[in-house]
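Working notes for the structure below.
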Amino acid sequence: MQLRGTLMILAASFFWGTTFVAQMTGMEGLGPFSYAASRFFLGFIFLLIVWLTQRKKRQREKGYKTGFLIGIGSGLFMFVASSMQQVSMLYTTAGKAAFITCLYIVFVPLGAVILGKLIRAENWIGAFLALIGLYLLAIHEDFTFQIGDLILFISSFFWAGQILFIDRFASKVDVLELSVAQIFVCMVMSFFAMMIFEVPTIESISNAWFSIFYGGIMSAGVAFTLQVFGQKYTDPSTAAIVMSFESIFGAVSSWIILGEVMSNREIFGCVLMFIGVLVTQYRTLIRNA
Numbered sequence: 026m027q028l029r030g031t032l033m034i035l036a037a038s039f040f041w042g043t044t045f046v047a048q049m050t051g052m053e054g055l056g057p058f059s060y061a062a063s064r065f066f067l068g069f070i071f072l073l074i075v076w077l078t079q080r081k082k083r084q085r086e087k088g089y090k091t092g093f094l095i096g097i098g099s100g101l102f103m104f105v106a107s108s109m110q111q112v113s114m115l116y117t118t119a120g121k122a123a124f125i126t127c128l129y130i131v132f133v134p135l136g137a138v139i140l141g142k143l144i145r146a147e148n149w150i151g152a153f154l155a156l157i158g159l160y161l162l163a164i165h166e167d168f169t170f171q172i173g174d175l176i177l178f179i180s181s182f183f184w185a186g187q188i189l190f191i192d193r194f195a196s197k198v199d200v201l202e203l204s205v206a207q208i209f210v211c212m213v214m215s216f217f218a219m220m221i222f223e224v225p226t227i228e229s230i231s232n233a234w235f236s237i238f239y240g241g242i243m244s245a246g247v248a249f250t251l252q253v254f255g256q257k258y259t260d261p262s263t264a265a266i267v268m269s270f271e272s273i274f275g276a277v278s279s280w281i282i283l284g285e286v287m288s289n290r291e292i293f294g295c296v297l298m299f300i301g302v303l304v305t306q307y308r309t310l311i312r313n314a
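Heads up: the sequence shown runs through residues 26 to 314, numbered per the working numbering.
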């Protein structure tokens, strides 16, 4: 079951990483909330269809407990995190966004102290290395910090909150209903934000159809569902390690598709951040070796 959960989360990481490119190209004619509302709408419809076909079977299973209420809480974390991530991409590159977002991997074990868990020395060392890497990646030589990088940094705390929230409840409720509810919350709140801050057109939405489709079906629909199912069979530290590959997939896809290139300083920063992630999860890596 652990291997099954790990493979699910690895597939989710691939879709999330490659979706950074879709998020960037999707906003060529759309505002961040318009793109988000469109992709979460597609993701919700996809998950709703899956839920309707599985509903009666799942409700007859032993120990069934609805996941809709828990999904609302998870969706609130996810809306804040994904919205900040989407807005930040107006000011930064897809490759940098992928790496900075993955700081949530470091914050997961640190945030676990709120749940009464012990913070070990490797957690502090990993966090320190990751922050040095972030400095090299995001701080320019004249000591300026781009607003997009700052927004991404803050969003990583909310991604960590979403992971810890799901870990707390995923094994106790119906995970498909949890996933449906969290995507629904993101869709509704993104629509409200779109109506307040943006004025999208049918033409701009249709021009970005592929980016919306990929971000909606593969990321919002498939990947977040794989995450929820995967975390049901995998402990949060192991899940965090596998999720960290999102940064690699994001950087490689942005280089291949968008032609983004990082400086040597930025590449070294990425390497330090990734090492920090692995150090944070040192005991899990040794245990599973």
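Where is the CB? At the ideal position from N, CA and C, for every residue including glycine.
Taking one beta carbon from each stretch, the region 199-206 and the region 71-89 have 3 or more pairs nearer than 8 Å; the two touch.
Out of Met49, Gly56 and Leu135, the CA that lies nearest to the CA of Phe182 is found in Leu135. Distances from the CA of Ser215 to each of Met287, Phe69, Leu32 and Lys257 were compared; the closest alpha carbon is that of Phe69.
Distance between Val213 and Ser108, taken at the CA atoms: about 12 Å. For Pro57, the enclosing alpha helix (DSSP H) has its first and last residue at Pro57 to Gln84. Contact between Leu162 and Glu291 holds, since their C-beta atoms are separated by about 5 Å, short of 8 Å. The beta carbon of Ala264 sits closer than 6 Å to the beta carbons of Ile34 and Gln256 from its chain, once the five residues preceding and following it are set aside; these are given in chain order.
Arg64 is classed as buried because its beta carbon has at least 16 other beta carbons within 10 Å across all chains shown. Taking 7 Å as the cut-off, the beta carbon of Tyr258 is found no closer than this to the beta carbon of Ala47. For the pair Gly284 and Ser278, the Cα-to-Cα distance works out to about 9 Å. Nearest neighbour of Gly98 by Cα position, chosen from Leu73, Ile188, Lys121 and Leu128, turns out to be Ile188. When the five nearest sequence neighbours on each side are left out, the beta carbons in the same chain lying within less than 7 Å of the beta carbon of Trp41 are those of Ser244, Ala248 and Glu271, in order along the chain. Looking at the backbone, the Cα of Met103 and that of Cys211 are separated by about 7 Å. The residue among Phe194, Ser113 and Arg145 with its C-alpha nearest the C-alpha of Asp174 is Ser113.
In summary, Ser231 is exposed, with fewer than 16 beta-carbon neighbours lying within 10 Å of its beta-carbon over all protein chains present. With a 10 Å radius around the Cβ and a threshold of 16 neighbouring Cβ atoms, Phe217 comes out exposed.
Contact annotation: Ser229 and Gly54 have beta-carbon atoms nearer than 7 Å.
In this structure Ile172 touches Tyr116 by the C-beta definition: roughly 5 Å separates them, less than 8 Å. Taking 7 Å as the cut-off, the Cβ atoms of Leu297 and Ala36 do not count as close.
Taking the Cα of Pro225 as reference, the smallest distance to any Cα among Phe39, Phe190, Gly56 and Thr50 is reached at Gly56. Inclusion of Gly301 and Gly151 in the CB contact set at 7 Å is warranted, their separation being smaller than that value.
Here the alpha carbons of Leu101 and Ile191 stand approximately 12 Å from one another. Here Ala206 is actually not in contact with Gly88; their C-beta atoms are around 19 Å apart, not less than 8 Å. When C-alpha distances from Ile242 are compared across Thr43, Trp149, Thr31 and Leu28, the shortest belongs to Thr43. Within a 10 Å sphere around the beta-carbon of Ala61 sit 16 or more other beta-carbons, which makes this residue buried. Counting along the chain, the unbroken alpha helix (DSSP H) around Thr126 starts and ends at Ala119 to Thr126. Going by beta carbons, Leu72 and Ile208 fall inside the 7 Å limit.
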